[in-house]
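Undergrad:
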Amino acid sequence: MATTSTRERSAELRGFRTVQRLAYECAEAVAARLEPGVTEREAARMQREWLRERGVRDWFHLPFAWFGDRTAFAGFRIPLQFFPTDRALEPGMPFILDMAPVYEGCTADIGYSGSLGVNPVQDRLMADLEAHRELILREVRERRPLRKIYQDVDRLMVRQGYANRHRAYPFGVIAHKVDRVKQRRWSPHLFGFGTQSLKGLAADALHGHREGWSPLWSPYRFSDHPPQPGLWAVEPHLGFRGTGAKFEEILVVTDSRDPEESAFWLDDDLPHVRRWAEEK
Amino acid sequence: MTLKGARERWVRTGGVELCVAELGDPQQPTVVLVHGYPDSKEVWSEVAVRLADRFHVVLYDVRGHGRSTAPRPLRGGFTLAKLTDDFLAVADAVSPDRPVHLVGHDWGSVQSWEFVTVARTEGRIASFTSISGPSLDHFGHWIDARVKRPTPRRVGQLLGQGAKSWYVYLLHTPLLPELAWRGPLGRRWPTILERAERVPAGDYPTASLPSDAAHGAWLYRDNVRARLRRPRPDAYAHAPVQLITPQGDAFLSERLYDDLDRWVPQLTRRTLPAKHWVPRTRPDQVAAWIEEFVTSVAGGRPEPAATGRHAERFGGQLVLVTGAGSGIGRATAFAFAEAGARVIAVDRDAEAAARTAELSRLTGAAEAWAEPADVSDEQAMEKLAEKVHREYGVLDVLVNNAGIGLSGSFFATTTDDWRTVLDVNLWGVIHGCRLFGARMAERGQGGHIVNIASAAAYQPSRALPAYSTSKAAVLMLSECLRAELAAQGIGVTAVCPGFVNTNITSTARFTGVDEAEQRRRRQRSARLYGLRNFPPEKVADAVLDAVARNRAVVPVTPEAKGAHLLSRLAPGLLRRIARVEPRL
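Heads up: the sequence lines are chains S and H, in that order. For the first sequence, position 60 matches number 60 in my numbering, and the numbering has no gaps at all. Numbering-wise, my numbering comes out as the position in the second sequence, counting from 1, plus 1000.
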């Protein structure tokens, strides 16, 4: 019984792992093509086209690209400011590519930080994100309430000397649930978000509301519950005076009693994880 | 005169003999210092000795000044073309193979602008540092632009500079200036400099002053009218330029340099809160900026590294921030770092201070150090001051920020509570001002002290008797110290932030309640401060602005500003608010 469910689950996880890898491949391919003068709009289009060529038809959200101090969401007041602008990339500028493709019904949501040439500040931010990846996994395995974990991440950021920039996301989320999405021939999007995915999120929100959990992992009271099994796209985002850095990847949470099995990162072979390993 | 260890030589050119003094190793890059009016090369003596261990320093008396001979006849003997000949002759004599780094003050800068913008000196000048002396050509175009398109603001600028130039008109009268300088004005000049310009008394000005000033009048008569009427259209600098602008210059408006980017492709701006004679009044800062600029140009980096707010003001300055391990202190350290300052981060948490120093270096601080110390511990502070002065130098800016929170009824506040909060919030500031401020005043080259007070300093509250008392004391201490140090050119500012989202709430003590209730109140107040969400970075920006503008009391958040206004207009209302017990 247990073995079948594990096998079923691993087959399903394979699908999510494939699309997450595809998305990170896209990020690396687009990042390699960025050069001085490329605008955020162009970078977003490059991601979209790259993924469409490889069979992506639907999105959790359309690709974003942020350059320069927009990586730290400097001066962001309304959500429309997340959308790509005509800001052009300059040497030394940090950038973040963020995309959430749906491929064969599986969703990925990834964030990739880099810079054009050397940017020591962003390098430092990226290196310091490792502690957050470890902290989040450890505390999820301890089944601590999500709101408490959020506050612990916050405290670590402050100690490191950084500002919490995921606070700028809608509902200030550090993570949100992702799930399988029905594939339709026509998949429109609303304010950059795929309607199918929004439907899934809304259904989850309704379920959760009845059962006392939320698909959004926020600093607010509605996140004051232990981790809910499922797939969570986790995106801690550090900001330091006009420079931002984040990673985003899927954390698998199960109802297993074994701590190792109860929560794990979907894939440990990702650019930022490889980078930390190399630095050691 | 005090050019100790200087080697002298004479350079003969165009019918005059120039007295040239050299210091330092001739193998090092050559820095040529050109003096102004009414001066001789000795105006540079303080700066020259500071540069001599790094550079080959060359000074010369401009023709007709100091020990150089005057041209005959005087009329027509001081044109910019002839001054350029002199410079080239000196440069060829002291550094025949390599271009020189040029530094000019006052008329030395005016003529150096000519050197650096004419074609025949190309390849002979590696860099130019200009202090208080515009190019006459740029000046001519500046006037031209304002006369041709006289908007109200431009007319104001024109009239402002016109009034500051009163002495130029006087110098164009025949004979009168000569009589005055050789008579009473020459005798009184040292006293005038000391009183009006705060130039330290001593062996400057030299005995040759009356004849320097009399001859030098021809600098104006030979050049000013001709150039202002017909400024050269091609006065572009062919070397990187560093412009040092004293903000309190009685003779030159800061606005004169507004259009300078048009003429100088590689321009570094610096500003200094001082009067006209900065080579005498601020030799440390002037020498440090010359050294930094010459070194960076020689190393192939003509642009400044730091680009943050007020980088032109704080670049290379030594700044110490207490409580720099978190909150406002940390943000202030970063803001100064971004402006290119040298930052000393002091905190009782050594790890947090180290982190601040490390990130400061990444954001652009020229240098940054962490020094663990508890500001309430007198001996630790004395040790810190001793180490800082020995290893890093005298501070340019001191930020007394470290503070703790204490809330609760007066009767629930124990004497130990009082002692703790006063030790940190008040005694910490006193130790800082006493130990670092004394050396600042002793050096006599200006500086600034910022004390972080609080809106609670003027907004009473029944919930914060001890904290508000400590902060009110800090506010008054700052005001008194500001009065005392004004004569030394040291500014003192009290910053009153208001509710700022920092960890002061999670370390604050709430008196008269048990441990659990205390924890609950900390969380609750942290949450409220979080909802208010006023970032410490904005307070840091306010600190830098306050230092740059030398403001006395600076409330930061809107509620702090509002309360400050009410404390003067309607103190009764504040007293009413003070009675409200905040529900936590």
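All residues carry an ideal CB built from backbone N, CA and C; glycine is no exception.
Would you tell me roughly how many angstroms separate the C-alpha atoms of residue 1515 of chain H and residue 1502 of chain H, rounded to the nearest one?
TA: The alpha-carbon atoms of residue 1515 of chain H and residue 1502 of chain H are separated by roughly 22 angstroms.
Undergrad: If you count every other CB in all the chains shown that lies within 10 Å of the CB of residue 4 of chain S, and 16 or more means buried, which is it?
TA: Low confidence applies to residue 4 of chain S: its pLDDT is 47, below 50, so where it sits in the model is not reliable, and the reading given next is rough at best. By the neighbour-count rule (16 or more Cβ atoms within 10 Å), residue 4 of chain S is not buried but exposed.
Undergrad: For residue 1429 of chain H, which residues of its own chain have a beta-carbon under 7 angstroms away from its beta-carbon, when the five flanking residues on both sides are left out?
TA: Closer than 7 angstroms at Cβ, skipping near neighbours: 1400, 1451, 1474 and 1477.
Undergrad: So which residues of chain S does residue 1334 of chain H contact, with C-beta pairs closer than 9 angstroms?
TA: What residue 1334 of chain H touches in chain S: 161, 240 and 241.
Undergrad: Going by other Cβ atoms of all chains shown within 10 Å of its Cβ, with 16 needed for buried, is residue 257 of chain S buried or exposed?
TA: Counting Cβ neighbours within 10 Å, residue 257 of chain S comes out exposed, since fewer than 16 surround it.
Undergrad: Quick check: what's the CA-CA separation for residue 1326 of chain H versus residue 1291 of chain H?
TA: For residue 1326 of chain H and residue 1291 of chain H, the distance between alpha carbons rounds to 33 angstroms.
Undergrad: Is residue 120 of chain S close to chain H? Criterion is C-beta to C-beta, closer than 8 angstroms.
TA: Chain H, which has a Cβ nearer than 8 angstroms to the Cβ of residue 120 of chain S, makes this yes.
Undergrad: Please check if any C-beta of chain H sits within less than 8 angstroms of the C-beta of residue 158 of chain S.
TA: So yes, residue 158 of chain S belongs to the interface.
Undergrad: Please determine if the region 1133-1146 of chain H and the region 1057-1070 of chain H are in contact, where contact requires at least 3 C-beta pairs separated by less than 8 angstroms.
TA: Segments in contact, no.
Undergrad: Which one of S:126, S:271, S:265 and S:191 has the shortest CA to CA distance from residue 81 of chain S?
TA: Checking every option, the nearest Cα to that of residue 81 of chain S belongs to S:191.
Undergrad: Please tell me whether residue 210 of chain S has its Cβ less than 8 angstroms away from any Cβ of chain H.
TA: No - not a single Cβ of chain H is within 8 angstroms of the one on residue 210 of chain S.
Undergrad: For the region 118-143 of chain S, list every residue whose C-beta sits within 8 angstroms of some C-beta in chain H, in sequence order.
TA: Listed by position, the residues of the region 118-143 of chain S near chain H (Cβ gap below 8 angstroms) are 120, 121 and 124.
Undergrad: Take residue 178 of chain S and list the residues in its own chain whose beta-carbon comes closer than 7 angstroms to its own, dropping the five residues that flank it on each side.
TA: Answer for residue 178 of chain S: 60, 107, 109, 231, 233 and 250, listed in chain order.
Undergrad: Which residues, in order along the region 1359-1378 of chain H, keep a beta-carbon less than 8 angstroms from a beta-carbon of chain S?
TA: Flagged, chain order: 1359, 1362 and 1363.
Undergrad: Whole alpha helix (DSSP H) runs in the region 1342-1418 of chain H with 4 or more residues, listed along the chain?
TA: Counting whole runs of 4 or more residues, the region 1342-1418 of chain H contains the alpha helix (DSSP H) stretches 1350-1363 and 1378-1391.
Undergrad: Would you mind sorting residue 1039 of chain H into buried or exposed? The rule is 16 or more other CB atoms within 10 Å of its CB.
TA: By the neighbour-count rule (16 or more Cβ atoms within 10 Å), residue 1039 of chain H is buried.
Undergrad: Quick one: using the 10 Å Cβ neighbour count with 16 as the cut-off for buried, is residue 1262 of chain H buried or exposed?
TA: Exposed, since its Cβ has fewer than 16 Cβ neighbours within 10 Å.
Undergrad: List, in order along the chain, the chain S residues whose C-beta lies closer than 8 angstroms to that of residue 1330 of chain H?
TA: Within chain S, the residues near residue 1330 of chain H are 161.
Undergrad: Kindly say whether residue 268 of chain S, judged by its beta-carbon, lies nearer than 8 angstroms to any beta-carbon of chain H.
TA: So, not an interface residue.
Undergrad: Near residue 237 of chain S, which residues of its chain fall below 7 angstroms by C-beta distance, leaving aside the five closest residues on each side in sequence?
TA: Once the five neighbours on either side are set aside, the close Cβ partners of residue 237 of chain S are 165, 166, 244 and 246.
Undergrad: Residue 1355 of chain H versus chain S: which residues are under 9 angstroms apart at the beta carbon?
TA: The contacting residues are 159, 160 and 161.
Undergrad: Please list, in chain order, all residues of the same chain as residue 1349 of chain H whose beta carbon is under 7 angstroms from its beta carbon, the five residues on each side excluded.
TA: Cβ within range, chain order: 1325.
Undergrad: For residue 1132 of chain H versus residue 1035 of chain H, is the C-beta spacing smaller than 8 angstroms?
TA: Their beta carbons are not under 8 angstroms apart, which means residue 1132 of chain H does not touch residue 1035 of chain H by this criterion.
Undergrad: Measure from the C-beta of residue 1338 of chain H to each C-beta in chain S and report whether the shortest distance is under 8 angstroms.
TA: With 8 angstroms as the cut-off, residue 1338 of chain H counts as an interface residue toward chain S.
Undergrad: Using only the alpha-carbon positions, how far apart do residue 148 of chain S and residue 189 of chain S sit?
TA: Near 33 angstroms, if we compare the C-alpha coordinates of residue 189 of chain S and residue 148 of chain S.
Undergrad: To be precise: take each residue of the region 1385-1405 of chain H, compare its Cβ to all Cβ atoms of chain S, and keep it if any distance is under 8 angstroms. Which residues remain?
TA: Those would be none; no residue qualifies.
Undergrad: Have a look at H:1362, H:1459 and H:1539 and flag the residue whose alpha-carbon is nearest the alpha-carbon of residue 121 of chain S.
TA: It is H:1362.
Undergrad: Between residue 1340 of chain H and residue 1364 of chain H, which are expected to be in contact by the criterion C-beta below 8 angstroms, what is the C-beta distance as a whole number of angstroms?
TA: Between residue 1364 of chain H and residue 1340 of chain H the Cβ distance is about 6 angstroms, and since that is below 8 angstroms, they are a contact.
Undergrad: Could you check what DSSP says for residue 1504 of chain H in three-state terms: helix, strand or coil?
TA: Of the three classes helix, strand and coil, the one that applies to residue 1504 of chain H here is helix, per DSSP.
Undergrad: From which residue to which residue does the beta strand (DSSP E) around residue 1550 of chain H run?
TA: Element bounds for residue 1550 of chain H: n/a, residue is neither H nor E.
Undergrad: Checking the sheet assignment: what are the DSSP bridge partners for residue 265 of chain S?
TA: The partner list for residue 265 of chain S (beta bridge, DSSP) reads S:251.
Undergrad: Please classify residue 119 of chain S as buried or exposed, where buried requires at least 16 neighbouring CB atoms within 10 angstroms.
TA: Classification for residue 119 of chain S: buried.
Undergrad: Which residues share a DSSP beta bridge with residue 75 of chain S?
TA: Residue 75 of chain S pairs with nothing; no bridge assigned.
Undergrad: Just the chain S side, please: which residues come within less than 7 angstroms of residue 1503 of chain H by C-beta, in chain order?
TA: Simply 158.
Undergrad: Spell out a yes or no on whether the region 1013-1026 of chain H and the region 1049-1056 of chain H are touching, meaning 3 or more CB-CB pairs, one atom from each, closer than 8 angstroms.
TA: Yes, the region 1013-1026 of chain H touches the region 1049-1056 of chain H.
Undergrad: In whole angstroms, what is the alpha-carbon distance linking residue 1143 of chain H and residue 1264 of chain H?
TA: Going from the Cα of residue 1143 of chain H to the Cα of residue 1264 of chain H covers about 18 angstroms.
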